[in-house]
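Residue numbers (UniProt numbering): 1 to 184.
Beta carbons are placed, not taken as given, at the ideal position from N, Cα and C, and that holds for glycine.
As the structure is a prediction and not an experimental result, all values here were calculated from the model.
These notes concern the structure reproduced below.
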């Protein structure tokens, strides 16, 4: 999949989703960050790869401890800094009903960690899994909900709520054919 520009937007009424190649520096306290990927892909990351997203709040030691916790139980997530920085791993199992990109699990993880503020999702994946993973993340932020609720009455001079921005930054890993990986 090729992007026309370095930043592509997908907008809904409440969330703007931006996709970018590579990581940009940010403070997790200002923009919460979720680092998500398969266990093997997360293990290929070094501290220097992700330090621009986690410093000054998260230390290298906390990153290594969090990474060891997540890789020991795939499909789990660990908070490195309370409500600001977390790591999540996608499940290892792959069947004929689940895609090799694990996009079904990715959508579930993103839905479970949504915040009302601007946030950043670092997606660590192979180049061939980018499209499926990007669609799974976008699917986590629907355009509308079918639930009915009483809408609050807006005052005549009220300012509409500012939509939050979710920035998905893609960190690609090398394509390697490892044991236990399934192809269809």
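Determine the DSSP secondary structure at residue 16, reduced to helix, strand or coil. strand
Proximity to residue 16 [Cα-Cα], best of 142, 24, 165 and 118: Of all alpha-carbon atoms in 142, 24, 165 and 118, the one lying nearest the alpha-carbon of residue 16 is that of 165.
Report the rounded CA-to-CA distance for residue 19 versus residue 125, giving the unit in angstroms. If you take the alpha carbons of residue 19 and residue 125, they lie about 14 Å apart.
C-beta atoms of residue 88 and residue 34 nearer than 8 Å: yes
In this structure, what does DSSP give as the bridge partners for residue 165? Residue 165 is bridged by DSSP to 16.
Determine the DSSP secondary structure at residue 88, reduced to helix, strand or coil. strand
For residue 3, does the three-state DSSP call read helix, strand or coil? Bear in mind that the predicted position of residue 3 carries a pLDDT of just 45, short of 50, making it too unreliable to give a figure here.
Within this structure, are the beta carbons of residue 32 and residue 115 separated by less than 8 Å? yes
Taking a contact to mean a Cβ-Cβ separation below 8 Å, would you say residue 14 touches residue 163 in this structure? For residue 14 and residue 163, yes; Cβs fall inside 8 Å.
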